[in-house]
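In my numbering, the protein residues as written are 3 to 321.
Each residue gets a CB set at the ideal place from its N, CA and C atoms; glycine is no exception.
Structure, rendered in C-alpha coordinates:
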(Lines of atoms letter the chains of each structure in order from A and count residues from 1; the text may use other names and numbers.)
(Lines give C-alpha, C1' and ligand atoms only; values in the text may rest on other atoms or scores of the structure.)
Protein backbone atom coordinates (compact mmCIF):
# COMPACT_ATOMS: atom_id res chain seq x y z
CA UNK A 1 0.00 0.00 0.00
CA UNK A 2 2.85 2.37 0.85
CA UNK A 3 4.46 1.74 -2.54
CA UNK A 4 1.15 2.52 -4.28
CA UNK A 5 0.86 5.81 -2.37
CA UNK A 6 4.42 6.73 -3.35
CA UNK A 7 3.61 5.86 -6.94
CA UNK A 8 0.47 7.99 -7.02
CA UNK A 9 2.28 10.91 -5.39
CA UNK A 10 5.12 10.80 -7.93
CA UNK A 11 2.66 10.41 -10.81
CA UNK A 12 0.71 13.49 -9.70
CA UNK A 13 3.87 15.59 -9.31
CA UNK A 14 5.19 14.46 -12.71
CA UNK A 15 1.92 15.29 -14.48
CA UNK A 16 1.80 18.71 -12.78
CA UNK A 17 5.37 19.48 -13.79
CA UNK A 18 4.72 18.45 -17.39
CA UNK A 19 1.67 20.74 -17.50
CA UNK A 20 3.81 23.63 -16.25
CA UNK A 21 6.79 22.92 -18.50
CA UNK A 22 5.91 20.92 -21.61
CA UNK A 23 9.55 20.86 -22.80
CA UNK A 24 11.14 19.50 -19.63
CA UNK A 25 13.13 16.30 -20.13
CA UNK A 26 12.40 13.34 -17.89
CA UNK A 27 15.99 13.20 -16.60
CA UNK A 28 15.85 16.86 -15.54
CA UNK A 29 12.39 16.38 -14.07
CA UNK A 30 13.61 13.45 -11.96
CA UNK A 31 16.30 15.65 -10.40
CA UNK A 32 13.82 18.43 -9.77
CA UNK A 33 11.35 16.04 -8.12
CA UNK A 34 14.15 14.26 -6.22
CA UNK A 35 13.35 10.87 -7.66
CA UNK A 36 14.77 8.67 -10.42
CA UNK A 37 14.15 8.72 -14.15
CA UNK A 38 12.93 5.12 -14.07
CA UNK A 39 10.50 5.94 -11.26
CA UNK A 40 8.95 8.71 -13.37
CA UNK A 41 8.83 6.46 -16.43
CA UNK A 42 7.02 3.79 -14.41
CA UNK A 43 4.11 6.21 -13.87
CA UNK A 44 3.47 6.12 -17.64
CA UNK A 45 2.92 2.35 -17.77
CA UNK A 46 -0.08 1.51 -20.02
CA UNK A 47 0.36 4.86 -21.74
CA UNK A 48 2.90 3.69 -24.31
CA UNK A 49 5.22 2.29 -21.62
CA UNK A 50 5.66 -1.35 -20.51
CA UNK A 51 7.67 -2.88 -17.71
CA UNK A 52 9.76 -5.80 -18.99
CA UNK A 53 10.91 -8.93 -17.20
CA UNK A 54 14.25 -10.09 -18.61
CA UNK A 55 15.85 -13.28 -17.32
CA UNK A 56 18.50 -13.58 -20.05
CA UNK A 57 19.96 -10.24 -21.10
CA UNK A 58 22.12 -11.77 -23.81
CA UNK A 59 19.09 -13.25 -25.58
CA UNK A 60 17.09 -10.06 -25.13
CA UNK A 61 19.86 -7.82 -26.50
CA UNK A 62 20.49 -10.20 -29.40
CA UNK A 63 16.82 -9.80 -30.37
CA UNK A 64 16.91 -6.01 -29.97
CA UNK A 65 20.17 -5.66 -31.91
CA UNK A 66 18.64 -7.64 -34.78
CA UNK A 67 16.18 -4.80 -35.51
CA UNK A 68 17.05 -3.28 -38.87
CA UNK A 69 18.37 0.07 -37.67
CA UNK A 70 18.87 1.34 -34.12
CA UNK A 71 20.45 4.14 -32.15
CA UNK A 72 22.49 3.35 -29.03
CA UNK A 73 22.53 6.12 -26.43
CA UNK A 74 24.64 6.39 -23.29
CA UNK A 75 25.17 9.48 -21.21
CA UNK A 76 26.45 11.18 -18.09
CA UNK A 77 25.36 14.55 -16.70
CA UNK A 78 27.88 16.24 -18.99
CA UNK A 79 28.03 14.14 -22.17
CA UNK A 80 25.50 12.35 -24.40
CA UNK A 81 26.86 9.89 -26.99
CA UNK A 82 24.49 8.59 -29.70
CA UNK A 83 25.48 6.03 -32.32
CA UNK A 84 23.16 4.92 -35.17
CA UNK A 85 23.92 1.51 -36.68
CA UNK A 86 22.40 -1.14 -38.97
CA UNK A 87 21.94 -4.62 -37.54
CA UNK A 88 23.68 -6.20 -40.54
CA UNK A 89 26.87 -4.37 -39.51
CA UNK A 90 27.08 -5.48 -35.87
CA UNK A 91 27.43 -8.49 -33.61
CA UNK A 92 27.15 -9.03 -29.85
CA UNK A 93 29.98 -10.87 -28.08
CA UNK A 94 30.89 -11.03 -24.39
CA UNK A 95 28.90 -7.93 -23.38
CA UNK A 96 30.35 -5.94 -26.27
CA UNK A 97 28.90 -4.74 -29.57
CA UNK A 98 31.33 -4.92 -32.50
CA UNK A 99 31.33 -3.80 -36.11
CA UNK A 100 31.40 -7.20 -37.84
CA UNK A 101 33.32 -5.89 -40.85
CA UNK A 102 36.16 -4.05 -39.10
CA UNK A 103 35.84 -5.83 -35.72
CA UNK A 104 35.99 -2.40 -34.12
CA UNK A 105 34.35 -1.98 -30.74
CA UNK A 106 31.16 0.12 -30.66
CA UNK A 107 29.84 -0.44 -27.14
CA UNK A 108 30.84 -2.30 -24.01
CA UNK A 109 28.62 -2.68 -20.98
CA UNK A 110 28.35 -4.34 -17.59
CA UNK A 111 25.07 -6.32 -17.45
CA UNK A 112 25.42 -6.98 -13.71
CA UNK A 113 24.28 -3.37 -13.24
CA UNK A 114 21.05 -3.93 -15.20
CA UNK A 115 18.00 -3.92 -12.94
CA UNK A 116 14.91 -2.40 -14.59
CA UNK A 117 13.95 -2.50 -18.28
CA UNK A 118 11.16 -0.55 -19.94
CA UNK A 119 9.88 -0.18 -23.47
CA UNK A 120 8.39 3.10 -24.61
CA UNK A 121 6.41 4.16 -27.68
CA UNK A 122 5.75 7.89 -27.73
CA UNK A 123 5.05 10.63 -30.24
CA UNK A 124 8.09 12.74 -31.02
CA UNK A 125 7.93 15.43 -33.72
CA UNK A 126 4.62 13.84 -34.80
CA UNK A 127 6.29 10.46 -35.33
CA UNK A 128 6.30 7.28 -33.30
CA UNK A 129 9.53 6.89 -31.33
CA UNK A 130 10.11 3.39 -29.94
CA UNK A 131 12.83 2.59 -27.41
CA UNK A 132 14.10 0.08 -24.87
CA UNK A 133 15.51 1.71 -21.74
CA UNK A 134 17.76 -0.03 -19.24
CA UNK A 135 18.23 1.29 -15.69
CA UNK A 136 20.31 0.36 -12.65
CA UNK A 137 19.05 -0.38 -9.15
CA UNK A 138 18.91 3.34 -8.40
CA UNK A 139 16.65 3.98 -11.41
CA UNK A 140 19.43 5.76 -13.30
CA UNK A 141 19.69 5.17 -17.05
CA UNK A 142 22.47 2.87 -18.26
CA UNK A 143 21.59 2.33 -21.92
CA UNK A 144 18.79 3.39 -24.25
CA UNK A 145 18.17 1.73 -27.62
CA UNK A 146 15.94 3.53 -30.13
CA UNK A 147 14.36 2.04 -33.22
CA UNK A 148 15.50 4.10 -36.23
CA UNK A 149 14.41 1.70 -38.96
CA UNK A 150 11.15 0.19 -40.15
CA UNK A 151 10.94 -2.93 -37.94
CA UNK A 152 8.05 -1.62 -35.84
CA UNK A 153 6.20 -4.95 -35.81
CA UNK A 154 9.37 -6.80 -34.77
CA UNK A 155 9.93 -4.24 -32.00
CA UNK A 156 6.36 -4.66 -30.73
CA UNK A 157 6.74 -8.46 -30.82
CA UNK A 158 9.78 -8.21 -28.53
CA UNK A 159 7.74 -6.07 -26.13
CA UNK A 160 4.93 -8.65 -26.15
CA UNK A 161 7.36 -11.45 -25.28
CA UNK A 162 8.84 -9.66 -22.27
CA UNK A 163 6.20 -7.31 -20.89
CA UNK A 164 5.28 -8.00 -17.29
CA UNK A 165 3.04 -6.73 -14.52
CA UNK A 166 4.49 -3.80 -12.62
CA UNK A 167 4.35 -4.11 -8.83
CA UNK A 168 5.72 -0.67 -7.91
CA UNK A 169 9.26 -2.02 -7.63
CA UNK A 170 10.78 1.42 -8.19
CA UNK A 171 8.72 2.93 -5.39
CA UNK A 172 10.21 0.55 -2.83
CA UNK A 173 12.85 2.00 -0.46
CA UNK A 174 16.37 1.04 -1.58
CA UNK A 175 18.54 -0.85 0.88
CA UNK A 176 21.95 0.64 0.09
CA UNK A 177 23.73 -1.91 2.25
CA UNK A 178 25.81 -4.39 0.25
CA UNK A 179 24.84 -2.81 -3.06
CA UNK A 180 27.36 -3.19 -5.84
CA UNK A 181 29.02 0.17 -6.60
CA UNK A 182 28.20 2.01 -9.82
CA UNK A 183 31.27 0.65 -11.53
CA UNK A 184 32.74 2.09 -14.69
CA UNK A 185 34.55 -0.17 -17.13
CA UNK A 186 38.26 0.60 -17.08
CA UNK A 187 39.46 2.06 -20.35
CA UNK A 188 42.91 1.90 -21.94
CA UNK A 189 44.06 -0.62 -19.36
CA UNK A 190 46.78 -1.69 -21.79
CA UNK A 191 48.32 1.79 -21.64
CA UNK A 192 50.40 1.18 -18.54
CA UNK A 193 53.29 3.55 -19.05
CA UNK A 194 52.84 6.98 -20.54
CA UNK A 195 53.89 10.56 -20.10
CA UNK A 196 50.95 12.52 -18.66
CA UNK A 197 50.12 16.19 -18.26
CA UNK A 198 47.21 17.64 -16.29
CA UNK A 199 45.36 20.72 -17.50
CA UNK A 200 42.64 22.91 -16.09
CA UNK A 201 40.07 23.97 -18.66
CA UNK A 202 40.48 27.72 -18.34
CA UNK A 203 40.09 27.73 -22.10
CA UNK A 204 37.97 25.31 -24.05
CA UNK A 205 40.32 22.69 -25.44
CA UNK A 206 37.43 20.31 -26.35
CA UNK A 207 36.00 22.83 -28.81
CA UNK A 208 39.45 23.47 -30.29
CA UNK A 209 40.14 19.75 -30.75
CA UNK A 210 36.76 19.06 -32.38
CA UNK A 211 36.96 22.06 -34.72
CA UNK A 212 40.62 21.41 -35.50
CA UNK A 213 40.10 17.73 -36.37
CA UNK A 214 37.07 18.63 -38.50
CA UNK A 215 38.82 21.46 -40.32
CA UNK A 216 41.98 19.45 -40.98
CA UNK A 217 39.94 16.31 -41.78
CA UNK A 218 41.68 14.15 -39.21
CA UNK A 219 39.56 11.09 -38.26
CA UNK A 220 39.42 10.57 -34.50
CA UNK A 221 37.99 8.26 -31.88
CA UNK A 222 35.48 9.82 -29.49
CA UNK A 223 34.35 7.63 -26.61
CA UNK A 224 31.98 8.53 -23.78
CA UNK A 225 31.70 6.87 -20.41
CA UNK A 226 28.35 6.25 -18.74
CA UNK A 227 27.25 4.05 -15.85
CA UNK A 228 28.92 0.73 -16.61
CA UNK A 229 29.17 1.60 -20.30
CA UNK A 230 31.66 2.95 -22.82
CA UNK A 231 30.58 3.82 -26.34
CA UNK A 232 32.91 4.56 -29.26
CA UNK A 233 32.77 6.44 -32.53
CA UNK A 234 35.60 6.45 -35.09
CA UNK A 235 35.36 8.71 -38.10
CA UNK A 236 35.74 12.21 -39.46
CA UNK A 237 33.77 14.89 -37.61
CA UNK A 238 31.72 17.09 -39.92
CA UNK A 239 28.93 19.21 -38.45
CA UNK A 240 29.61 21.04 -35.16
CA UNK A 241 26.87 23.31 -33.79
CA UNK A 242 26.00 25.10 -30.54
CA UNK A 243 22.75 24.74 -28.61
CA UNK A 244 22.79 26.75 -25.39
CA UNK A 245 25.60 25.53 -23.13
CA UNK A 246 26.10 22.38 -25.24
CA UNK A 247 28.58 21.87 -28.06
CA UNK A 248 27.17 19.28 -30.45
CA UNK A 249 28.31 17.02 -33.25
CA UNK A 250 25.35 16.33 -35.55
CA UNK A 251 26.54 13.85 -38.16
CA UNK A 252 24.58 11.25 -40.11
CA UNK A 253 25.26 8.27 -37.84
CA UNK A 254 26.71 9.99 -34.79
CA UNK A 255 25.64 12.70 -32.35
CA UNK A 256 27.61 14.03 -29.41
CA UNK A 257 26.32 16.58 -26.92
CA UNK A 258 28.81 17.94 -24.38
CA UNK A 259 28.09 20.60 -21.77
CA UNK A 260 31.29 22.59 -21.98
CA UNK A 261 31.00 24.40 -18.66
CA UNK A 262 30.79 21.03 -16.87
CA UNK A 263 34.14 19.83 -18.24
CA UNK A 264 36.69 21.20 -15.82
CA UNK A 265 39.77 19.04 -16.20
CA UNK A 266 41.67 17.22 -18.95
CA UNK A 267 44.62 14.84 -18.88
CA UNK A 268 46.83 14.60 -21.95
CA UNK A 269 48.54 11.22 -22.15
CA UNK A 270 51.48 10.61 -24.48
CA UNK A 271 52.03 6.91 -25.13
CA UNK A 272 54.86 5.30 -27.10
CA UNK A 273 54.14 2.16 -29.14
CA UNK A 274 56.36 0.63 -31.82
CA UNK A 275 58.42 3.84 -32.08
CA UNK A 276 55.21 5.80 -32.61
CA UNK A 277 53.70 8.41 -30.31
CA UNK A 278 49.95 8.42 -29.54
CA UNK A 279 48.03 11.15 -27.71
CA UNK A 280 44.98 10.52 -25.53
CA UNK A 281 42.81 13.34 -24.17
CA UNK A 282 40.71 12.37 -21.14
CA UNK A 283 38.05 14.85 -19.97
CA UNK A 284 36.68 15.01 -16.41
CA UNK A 285 33.54 16.74 -15.16
CA UNK A 286 33.02 19.04 -12.18
CA UNK A 287 32.74 15.98 -9.90
CA UNK A 288 36.03 14.60 -11.29
CA UNK A 289 34.28 11.77 -13.16
CA UNK A 290 35.92 10.56 -16.37
CA UNK A 291 33.22 11.25 -18.97
CA UNK A 292 34.84 11.70 -22.40
CA UNK A 293 37.95 10.63 -24.29
CA UNK A 294 39.43 11.60 -27.65
CA UNK A 295 42.37 10.01 -29.43
CA UNK A 296 43.75 9.48 -32.91
CA UNK A 297 43.12 6.57 -35.21
CA UNK A 298 45.87 4.34 -36.55
CA UNK A 299 47.86 6.01 -39.36
CA UNK A 300 46.55 9.45 -38.36
CA UNK A 301 48.37 9.76 -35.04
CA UNK A 302 51.03 12.17 -36.36
CA UNK A 303 48.42 14.54 -37.78
CA UNK A 304 46.44 14.38 -34.53
CA UNK A 305 49.56 14.89 -32.40
CA UNK A 306 50.59 17.92 -34.46
CA UNK A 307 47.13 19.43 -34.10
CA UNK A 308 47.15 18.90 -30.30
CA UNK A 309 50.67 20.34 -30.04
CA UNK A 310 49.55 23.38 -32.02
CA UNK A 311 46.61 23.88 -29.64
CA UNK A 312 48.92 23.40 -26.68
CA UNK A 313 51.32 26.10 -27.91
CA UNK A 314 48.51 28.65 -28.15
CA UNK A 315 46.57 27.65 -25.01
CA UNK A 316 47.92 28.32 -21.53
CA UNK A 317 46.61 25.21 -19.78
CA UNK A 318 49.62 23.48 -18.25
CA UNK A 319 49.50 23.29 -14.44
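Contact between the region 154-165 and the region 120-137 is present, with at least three C-beta pairs closer than 8 Å. Going by DSSP, residue 17 is part of the alpha helix (DSSP H) stretching over 4-22.
About 4 Å separates the beta carbon of residue 112 from that of residue 230, a gap short enough to meet the 8 Å contact definition. Distance between residue 264 and residue 16, taken at the CA atoms: about 27 Å. Non-local C-beta neighbours of residue 148 in its own chain, meaning closer than 6 Å and more than five positions away in sequence, comprise 73, 133, ordered along the chain. Taking 8 Å as the cut-off, the Cβ atoms of residue 292 and residue 107 do not count as close. Taken in chain order, the complete alpha helix (DSSP H) segments of 4 residues or longer contained in the region 202-261 are 207-217.
Looking at the DSSP output, residue 295 bridges to 225, 284. Here the alpha carbon of residue 110 sits roughly 30 Å from the alpha carbon of residue 175.
Each of 295, 232, 243 was checked against the Cα of residue 224, and the nearest Cα belongs to 295. The beta-carbon separation of residue 260 and residue 249, rounded to 5 Å, stays under the 8 Å limit for a contact. Non-local beta-carbon contacts of residue 214 in its own chain, meaning distances under 7 Å to residues more than five positions away in sequence, involve 309, 313 in chain order.
Contact annotation, residue 207 with residue 66: C-beta distance approximately 37 Å; criterion of less than 8 Å not satisfied. Counting the other Cβ atoms within 10 Å of the Cβ of residue 274 gives fewer than 16, which makes it exposed. Residue 9 and residue 19 have their C-alpha atoms some 15 Å from each other.
When rounded, the separation of the alpha-carbon atoms in residue 144 and residue 227 is 10 Å. In chain order, 38, 39, 42 place their CB closer than 6 Å to the CB of residue 32, counting only its own chain and leaving out the 5 sequence neighbours on each side. Between residue 216 and residue 304, the alpha-carbon positions lie close to 16 Å from each other. Between residue 45 and residue 13 a beta carbon distance of about 4 Å is seen, short of the 8 Å cut, so the two are scored as contacting. The C-beta separation of residue 104 from residue 222 comes to about 16 Å, leaving the pair out of contact by the 8 Å criterion. Residue nearest to residue 168 within the set 50, 54, 300 is 54 (criterion: CA-CA distance).
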